[in-house]
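Written below as structure tokens is the structure these notes are about.
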Amino acid sequence: MQSLDSAAHSVLPKLVPLSAFHPVRIASHTKITLVVQFALDHLRRNEDEPLVLHCLPPSSTPANASRAGPLTSTQIDSNPSPAPDPTPPAAKGKGKETATESSSSTFVAALSKLVSIAEIIKREWLDVQLKPAAGNAGQEETIPSARKGLHQYTLLTTLEAIGLASDTTATGEADGDAEAEDMRRQLIEMEWLSGRAGKDRRPRRKRSPCMLVVLSRAPTEALASRSSWTHQPPAPPKSRTTKRRATSENATALEGGTVKRKTRRRRR
């Protein structure tokens with residue numbers, strides 16, 4: 001498996017209150033199969049090191065990441081991130097706001113892939129526990145009698161809240177002068193608060209959603225005690241009676257479909 005290790009983002013240690021974890025950055029061009037394969041192997045080998053899936057931008061300050069100690073961010077993809085398109089001349093007057101908006105939209109687009117990867121990892125983990133770890137094919141391994149699922153901890157926030165994007169205000173057409181635009185925004189806010197502004201002139205703040213998913217083999221008290229984190233425990237394993245009932249229902253449904261087909265053929 002090809003992997004590219006880079007410095008961990010400096011914001012991650014502040015958001016994830018864990019002494020040891022392995023972050024994996026998910027991008028829009030990330031290959032799902034490679035990420036799932038790496039995650040399953042990592043969780044099997046490192047029981048006390050949870051996996052953190054995130055869509056944060058790559059760290060631009062390696063010096064800050066070196067202070068975080070052993071934390072490393074893994075980009076599971078053989079293809080590097082595509083270079084951003086050059087800023088068109090018409091967008092130069094908007095300054096950093098346009099660049100921040102385009103970059104944050106790229107990270108937001110990868111959220112759906114992050115959710116899909118997390119669900120696939122949890123589903124495949126139940127089957128992986130029955131297979132020997134890589135490199136231990138010749139050694140005997142004790143297979144647990146009961147398979148245990150993964151604990152999922154989720155943090156929902158915004159890029160603006162963690163300081164990775166500016167809090168912009170959309171009020172219509174943007175002017176080239178920053179001072180004039182700021183004054184125009186304040187006037188609209190005053191008109192809206194006084195009730196004189198219409199619906200179209202209402203200031204709307206733009207937020208860029210951000211999600212962090214922690215997958216752990218055991219419950220983590222440091223995350224469970226935080227109100228900002230939500231805990232999704234593993235689903236209870238199905239009993240043998242439930243499995244037999246589901247199997248018999250499927251068999252009955254198949255037999256019923258076969259009988260209906262034979263009846264139709266006889267009528268014809």
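Numbering (UniProt numbering), first residue to last: 1 to 268.
Glycine residues also receive a C-beta, built at the ideal position from the N, C-alpha and C atoms.
Leaving out the 5 sequence neighbours to the left and right, which residues in its chain are closer than 6 Å to residue i when beta-carbon positions are compared?
{"i": "residue 83", "result": "In this prediction, residue 83 has a pLDDT of 43, which is less than 50 and means its spatial position is unreliable; what the coordinates show is noted afterwards. The answer is none, since no qualifying residue turns up."}
{"i": "residue 17", "result": "222"}
{"i": "residue 39", "result": "51, 121"}
Answer yes or no: do residue i and residue j have a C-beta to C-beta separation smaller than 8 Å?
{"i": "residue 214", "j": "residue 108", "result": "no"}
{"i": "residue 49", "j": "residue 9", "result": "no"}
{"i": "residue 15", "j": "residue 187", "result": "no"}
{"i": "residue 158", "j": "residue 208", "result": "yes"}
{"i": "residue 153", "j": "residue 42", "result": "no"}
First and last residue of the beta strand (DSSP E) that includes residue i?
{"i": "residue 42", "result": "Element bounds for residue 42: not the beta strand (DSSP E) but the alpha helix (DSSP H), 32 to 45."}
{"i": "residue 23", "result": "22 to 25"}
{"i": "residue 53", "result": "51 to 54"}
So, at 8 Å on beta carbons, what are the nonlocal neighbours of residue i in its own chain, with the 5 sequence-adjacent residues on each side left out?
{"i": "residue 36", "result": "117, 120, 121, 124"}
{"i": "residue 28", "result": "106, 109, 110, 113"}
{"i": "residue 194", "result": "none"}
{"i": "residue 11", "result": "56, 162, 163, 164"}
Between which two residues does the alpha helix (DSSP H) holding residue i run?
{"i": "residue 13", "result": "12 to 15"}
{"i": "residue 111", "result": "111 to 128"}
{"i": "residue 223", "result": "221 to 224"}
Can you find a heavy atom of the ligand GTP that lies under 7 Å from the Cβ of residue i?
{"i": "residue 191", "result": "Looking at this structure, you won't find the ligand GTP or any other ligand, since it has none at all."}
List the DSSP bridge partners of residue i.
{"i": "residue 157", "result": "210"}
{"i": "residue 152", "result": "215, 232"}
Would you call residue i buried or exposed, if buried means 16 or more other Cβ atoms sit within 10 Å of its Cβ?
{"i": "residue 183", "result": "exposed"}
{"i": "residue 216", "result": "buried"}
{"i": "residue 165", "result": "buried"}
{"i": "residue 13", "result": "buried"}
{"i": "residue 47", "result": "exposed"}
Here's a check: name, in chain order, each residue in its chain whose Cβ is nearer than 7 Å to the Cβ of residue i, leaving out the five neighbours to either side.
{"i": "residue 233", "result": "151"}
{"i": "residue 228", "result": "155"}
{"i": "residue 149", "result": "122, 125, 126, 234, 235"}
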